[in-house]
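If you use my numbering, the sequence shown corresponds to residues 190 to 475, in order. Glycine residues also receive a C-beta, built at the ideal position from the N, C-alpha and C atoms.
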Amino acid sequence: MKRQQPERYQDIPIPDALGDVIDRAAARAKHQRRRRPLVRTGICAAAALCVLTVTANSPLAAQAVHIPVLGTVVQMLHIGSGGVQTDGLAVHAAGEGSKADILFTETEGSADFAPSYTAKTYRAPGRVVLSLGGVRLADRQAVCDTLTQTEGVRDAYFAMVLDDSAMQLVIELEPGYTYEITERAEPAGLTFTFTKDDTQTDFAPVYYLRTEAMPYGESLGITAERFWGKETTQVRTEEGNYIVTVGEYQSESEAQNALDALNAELGETGLTIASSLPDERPHDAE
């Protein structure tokens, strides 16, 4: 598992409005959400507007709106979680340069708070896995296209998740890049900022457990579900197929111990031990 870098966010000042944001979030988790008008005067004179164009036959067509990108900063993080309990949100994206905004809407317009989410980082290849709960719609191709056009992003794709109220977005980083997430409220969004990381010095092989390669589909989701809660991820191979991986380890013996324990717990898993250099994509066959 990638070792976390020294904490860099302890000195970030807490916004004055954070308490109000949390109070409103708690209230909305208990009661039916009341919508505010989409156009809010006085939020910020320089607020950027993003026009999301959706084709007429898309399920998101009714939710195509002008979405203010800026909002109240709730927190900044590299690895962690946030958001509130929601249901039925739609996911969009907008980006420019080295920043990409993951935006959330309801049927009436922009959502006030981000859905529950977790962000985890992995090294082989270098990527962030963003798991979202309480979301049901997304123009997935448009989201991925936006991200792959962002500086510092090598690839982006959605994992196969069998829960229709959850999504998992994999953002593969260009070698030598890192990221920071800014969670915003009113309107809801997650801003990814990708930057060069000159402090990366660990280039030792990364060991992990993996399945055979398979195409994107229900079998991929079923396989991932079998190892739920075991640091499971889905990774696109160099050839365009997918593998399910479990864990990341510093040595082959550590990986072997993990495999033995997993086989003892679940029965013969069919997993094998593989290794890659950091930022190296796996292949269909090792």
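In three-state terms, what does DSSP make of GLN330?
Correct three-state label for GLN330: helix.
Among THR339, VAL263, THR275 and ALA331, whose alpha-carbon lies nearest the alpha-carbon of GLY286?
THR339
Using 10 angstroms around the beta-carbon of ASP468, count the other beta-carbons present and answer buried if the total reaches 16, otherwise exposed.
buried
Pick helix, strand or coil for SER408, following the three-state DSSP scheme.
helix
Per DSSP, which residues does PHE302 bridge with? Please list them.
None, per the DSSP bridge assignment.
If I measure Cβ to Cβ from ILE211 and keep anything under 8 Å in the same chain, skipping five residues before and after, which residues do I get?
With a pLDDT of only 49 at ILE211, under 50, the local geometry of the prediction cannot be trusted, and the value read off the model is given with reservation. Answer for ILE211: no residue qualifies.
Excluding the five sequence neighbours on either side, which residues of its own chain have a C-beta within less than 6 Å of the C-beta of VAL136, listed in chain order?
Outside the modelled stretch of the chain, which goes from 190 to 475, sits residue 136, for which no answer is possible.
Are the Cβ atoms of TYR396 and ALA444 separated by less than 7 Å?
yes
Would you kindly report the start and end of the unbroken beta strand (DSSP E) that includes LEU448?
Element bounds for LEU448: not the beta strand (DSSP E) but the alpha helix (DSSP H), 441 to 455.
Buried or exposed, going by whether 16 or more other CB atoms sit within 10 Å of the CB of ALA289?
buried
Out of THR371, TYR405, ILE268 and ALA413, which one is the CA nearest neighbour of VAL433?
ALA413
Between the alpha carbons of LEU448 and THR461, how many angstroms are there, rounded?
8 Å
Going by beta carbon distance, what residues of the same chain come within less than 7 Å of LYS385, once the five residues before and after it are set aside?
GLY365 and TYR366
Rounded to a whole number of angstroms, what is the C-alpha to C-alpha distance between GLU441 and THR261?
Roughly 45 Å between the two C-alpha positions.
Once you ignore the five residues that flank THR514 on each side, which residues in its own chain have a CB closer than 6 Å to its CB?
Any property of residue 514 remains undetermined from this structure, which presents the chain solely from 190 to 475.
Measuring alpha carbon to alpha carbon, tell me which of PRO394, TYR346, MET356 and THR337 ends up nearest GLY277.
When only C-alpha atoms are compared, the closest one is MET356.
Measure the C-alpha to C-alpha separation of TYR306 and THR294 and round it to an integer number of angstroms.
15 Å
Is it the case that the Cβ atoms of PRO394 and SER299 are separated by a distance below 7 Å?
no
Tell me HIS281's beta-bridge partners as DSSP assigns them.
LEU292
For the beta strand (DSSP E) holding GLU437, just list the boundary residues, first then last.
For GLU437, the uninterrupted beta strand (DSSP E) segment begins and ends at 431 to 438.
Between ALA345, ALA331, ILE411 and ASP387, which has its C-alpha nearest ASP352's C-alpha?
By alpha-carbon distance to ASP352, the top candidate from ALA345, ALA331, ILE411 and ASP387 is ILE411.
According to DSSP, is GLU414 part of a helix, a strand, or is it coil?
Assignment of GLU414 by DSSP, reduced to helix, strand and coil, places it in the helix class.
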